Amino acid sequence: MSTAIDFDRYDRIRPIRWTGQALELLDQRKLPFVVEYVTCADSDAVAEAIHALTVRGAPAIGIAAAWGVVLASRTVEATDGKDAAAKLEPAMQHLNAARPTAVNLAWALARMRRVLATAGTDWREVLERDVQAIADEDLAANRRMGALGAALIEPGSGVLTHCNTGSLATAGFGTALGVIRAGVAEGRIDQVFAGETRPWLQGARLTVWELQQDGISPTLIADSAASHLMKTGDVQWVIVGADRICANGDTANKIGTYQLAIAARHHGLKFMVVAPSSTVDMDTPSGDAIHIEERDPGELFAVGGVRTAAEEIGAWNPVFDVTPHELIDAIVTERGVIERPDEAAMRAAFGS
Ligand code: MRU
416 MSTAIDFDRY DRIRPIRWTG QALELLDQRK LPFVVEYVTC ADSDAVAEAI HALTVRGAPA
476 IGIAAAWGVV LASRTVEATD GKDAAAKLEP AMQHLNAARP TAVNLAWALA RMRRVLATAG
536 TDWREVLERD VQAIADEDLA ANRRMGALGA ALIEPGSGVL THCNTGSLAT AGFGTALGVI
596 RAGVAEGRID QVFAGETRPW LQGARLTVWE LQQDGISPTL IADSAASHLM KTGDVQWVIV
656 GADRICANGD TANKIGTYQL AIAARHHGLK FMVVAPSSTV DMDTPSGDAI HIEERDPGEL
716 FAVGGVRTAA EEIGAWNPVF DVTPHELIDA IVTERGVIER PDEAAMRAAF GS
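The letter at position 182 of the sequence shown is residue 597 when you use the numbering used here, and the numbering goes up by one with no holes.
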């Protein structure tokens, strides 16, 4: 079963716009009720926007950071790419420190360094062309993953997703949400459930809104309703994105993903991770070595700016967790599908 997907219908949102002078970011802290772009005129503003979740989602923060390097390049004079790379290093370090878990950020900056290493006097144009290429490649990868992932899903299935992995989190179409878009377009997916994703509510504020733009009607659930939903038999696949996939297949993703994988296995459901190869980090052997971002505990004290927790209490706010590879049925990248991932399968697909 395969139908050509109408990408104009199933992919309408762009979170990152390059004007030629500045970077415009769709402010994802304000969605869905305020649709507003913020303008970043320098690389420090981009780093701050990444840290503040104005732009979020692993591939999107990599692309935004790369545009941040282009903005930084406007402030340095250099004879060639190598000279420029040395002068841009402080800005790149600052961008890299904005968020630690999503490897796409470090991956994009490493690619900038590589491109500059061989660039000549036209290093600024070379840099800018490569950033556009990163975005174009991401969009193409997502469309490819959509087809590969959807092919694993039996017609008439229900799926559950977590966080936001759509156009908002990428250059367009999305990773896990790209598979869901393709699955709906092909008639494989009848029902889409989205977990609300405390504390930033990426599921409730972003995923549900984004799918609504495409005419897909998802059903929102509280994160804590997931196991109960699985027991009903209405869901056959849990489909999520990734912030870092290790050399053994262990996968970091939004906090709450791990418990979904455990519950999926308990209920006999399949668990799919969808991410471009820029999210694969063969230098990190296993999930134990991943730096898990912990954010301000204050993010747990309020909902929509209204305090819900008592004053002067403690809180712990890790915003990612690691799903061990044993709980993953398929990792889908643009290079293909890895079923039952482990170190041997990852090395066969991605080398060392
Ligand atoms: O904190 P966020 O919103 O940046 O977290 C995003 C996620 O965890 C996504 O699932 C992941 O980045 C994949 S996005 C295609």
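Ideal placement from N, C-alpha and C gives every residue a C-beta, glycine not left out.
All values reported here derive from a predicted model rather than from experimental measurement.
Next on the checklist: Out of Val650, Leu468, Val484 and Gly751, which one is the CA nearest neighbour of Pro768?
Outcome noted: Any answer about residue 768 is impossible in this case: the structure gives the chain only from 416 up to 767.
Next on the checklist: Suppose you measure from the CA of Pro700 to the CA of Val518; what does that come to, to the nearest Å?
Outcome noted: 14 angstroms
Next on the checklist: So, with DSSP's three-state summary, where would you put Ala556?
Outcome noted: Three-state result, Ala556: helix.
Checklist entry - For Leu575, which residues does DSSP report across the bridge? => result Phe608 and Val653
Checklist entry - Cβ of Ala565 within 9 angstroms of Cβ of Ala591? => result For the 9 angstroms CB-CB criterion, Ala565 and Ala591 do not form a contact.
Checklist entry - How would you call Leu558, buried or exposed, if buried means at least 16 neighbouring beta carbons within 10 angstroms? => result Looking at the sequence provided, one finds Arg at residue 558 rather than Leu. Answer is buried; the Cβ neighbour count reaches 16.
Checklist entry - Between Leu440 and Ile428, is the Cβ-Cβ spacing less than 9 angstroms? => result no
Checklist entry - Mind pulling the alpha helix (DSSP H) runs of 4 or more residues that sit fully within the region 618-689? => result When DSSP assignments are scanned along the region 618-689, the uninterrupted stretches of alpha helix (DSSP H) that are 4 or more residues long and fall wholly within it turn out to be 623-628, 641-647 and 672-682.
Checklist entry - Does the separation of the CB atoms of Ala462 and Ala512 fall below 9 angstroms? => result Taking the C-beta atoms as reference points, Ala512 is found nearer than 9 angstroms to Ala462.
Item to check | Straight-line Cα distance separating Ala609 from Gly720 | outcome: 23 angstroms
Checklist entry - Alpha carbon to alpha carbon, how far is Val470 from Arg755? => result 32 angstroms
Checklist entry - Taking C-alpha atoms, which residue in His740, Ala521 and Arg526 lies nearest to His378? => result There is no way to answer for residue 378, as the model of the chain reaches only from 416 to 767.
Checklist entry - Given His577, which residues of its chain have a CB within under 7 angstroms of its CB, disregarding the five upstream and five downstream residues? => result Within its own chain, the residues whose Cβ lies closer than 7 angstroms to the Cβ of His577, once the five positions on either side in sequence are excluded, are Gly610, Thr612, Gly618, Val655, Lys669, Gly671, Thr672 and Leu675, listed in chain order.
Next on the checklist: Spatial neighbours of Thr723 within its chain, please: C-beta separation below 8 angstroms, excluding the five flanking residues on both sides.
Outcome noted: Phe716 and Ala717
Checklist entry - Taking just the CA atoms, how far does Val689 sit from Ala704? => result 21 angstroms
Item to check | Counted within 10 angstroms of its Cβ, other Cβ atoms place Thr634 as buried (16 or more) or exposed | outcome: Classification for Thr634: exposed.
Checklist entry - Taking the alpha carbon of Arg424 as the point to measure from, which residue in Gly593, Pro739, Ile636 and Glu741 has its own alpha carbon closest? => result That would be Gly593, whose Cα lies nearest to the Cα of Arg424.
Checklist entry - Name the DSSP bridge partner or partners of Asp736? => result Asn668
Item to check | Top-ranked residue by Cα proximity to Met507, from Leu531, Thr494 and Asp698 | outcome: Leu531
Checklist entry - Under the DSSP definition of a beta bridge, which residues are partnered with Ala717? => result Arg722
Checklist entry - Who are the Cβ neighbours of Ala678 in its own chain at under 7 angstroms, not counting the five residues just before and after it? => result Ala641, Ser642 and Met645
Checklist entry - Considering only residues of the same chain and omitting the five flanking positions on each side of Val734, which have a CB-CB separation below 6 angstroms? => result Ile670, Glu708 and Arg710
Item to check | For Gly751, three-class secondary structure by DSSP | outcome: strand
Next on the checklist: In the DSSP output, which residue or residues are listed as bridge partners for Arg432?
Outcome noted: Bridge partners of Arg432: Glu439.
Item to check | Backbone secondary structure at Ile478 - three-state DSSP | outcome: helix
Checklist entry - Per DSSP, which one or two residues make a beta bridge with Val695? => result Ile660
Item to check | Terminal residues of the alpha helix (DSSP H) in which Val518 lies | outcome: Val518 to Ala532
Item to check | Exposure of Gly630, with buried meaning 16 or more beta-carbon neighbours within 10 Å | outcome: So Gly630 ends up on the exposed side.
Checklist entry - Does DSSP put Glu709 in a helix, in a strand, or in coil? => result strand
Checklist entry - Between the region 572-589 and the region 544-559, do three or more beta carbon pairs fall short of 8 angstroms? => result Yes, the region 572-589 is in contact with the region 544-559.
Checklist entry - From which residue to which residue does the alpha helix (DSSP H) around Val461 run? => result Ser458 to His466
Item to check | Cβ distance (whole Å) where Cys455 is taken to contact Leu503 below 8 angstroms | outcome: About 16 angstroms; that fails the 8 angstroms criterion.
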